[in-house]
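Numbering (our numbering), first residue to last: 75 to 295.
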């Protein structure tokens, strides 16, 4: 556990800040609102740090990070997906009494719900972006320098041999938006299973988002 925290500072640091924010908000505020605002801070900070890293990382950076963060990657993915799902569940509590709230407070709750849905969607597919990259560049065997063989799992179009986080983001967000693969071919069983898990989560996530959208629209009538 300690090594996982040390190897994933962006994730656990953002989570710690989000928990602190949720605990420090006024007790008079509803529990759902405090949970959502804490989540929004955590997810927003994580997205900022992750995308700064994505934009600054070359292939060598991705490869070295894959070796460091390879341990416990499935647990991290499960925790992240669970956190995103929990945040959506908190929206139910937040909007349960929407029609009875004062106008100003109701607008604030509605805005918080919309922001939470957007951040949760971005968070889920950003985590999968990182997971795809680390699965692709993860080592087979002992990972000794000079003898390391990566797992692979994708056949990218074109002649380029160096892929960074943005290439994996392209694949992850294509799954997230269309629930189908792009022009990147999946070549290993492990990557097919990961893509399947991502597609199934995407289906349920998008279904919940659609239900929330209908509920929010009905609340405004």
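C-beta: ideal position from N, C-alpha, C; glycine also.
Roughly how many whole angstroms lie between the Cα atoms of residue i and residue j?
i	j	result
residue 149	residue 111	25 Å
residue 161	residue 107	10 Å
residue 278	residue 267	17 Å
residue 83	residue 228	27 Å
residue 288	residue 248	24 Å
residue 282	residue 119	24 Å
residue 131	residue 138	10 Å
residue 253	residue 273	5 Å
residue 135	residue 240	13 Å
residue 262	residue 209	11 Å
residue 235	residue 259	15 Å
residue 117	residue 231	32 Å
residue 255	residue 237	17 Å
residue 226	residue 157	28 Å
residue 123	residue 197	12 Å
residue 109	residue 94	11 Å
residue 181	residue 113	19 Å
residue 175	residue 96	21 Å
residue 251	residue 286	17 Å
Please state whether DSSP places residue i in a helix, a strand or coil.
i	result
residue 229	strand
residue 220	With a pLDDT of only 46 at residue 220, under the threshold of 50, the placement of this residue in the model should not be trusted; the figure read from the coordinates follows. Coil at residue 220, not helix or strand.
residue 253	coil
residue 259	strand
residue 246	helix
residue 101	coil
residue 238	coil
residue 117	helix
residue 292	helix
residue 170	coil
If we call anything under 8 Å between Cβ atoms a contact, is residue i one with residue j?
i	j	result
residue 211	residue 245	no
residue 242	residue 269	no
residue 183	residue 192	no
residue 121	residue 224	no
residue 140	residue 165	no
residue 115	residue 92	yes
residue 275	residue 155	yes
residue 81	residue 179	no
Kindly indicate the opening and closing residues of the alpha helix (DSSP H) around residue i.
i	result
residue 131	Per DSSP, residue 131 belongs to no alpha helix (DSSP H) and is neither H nor E.
residue 191	177-211
residue 88	83-98
Inter-stretch contact at 8 Å, needing at least 3 Cβ pairs: the segment 93-102 / the segment 123-143: no
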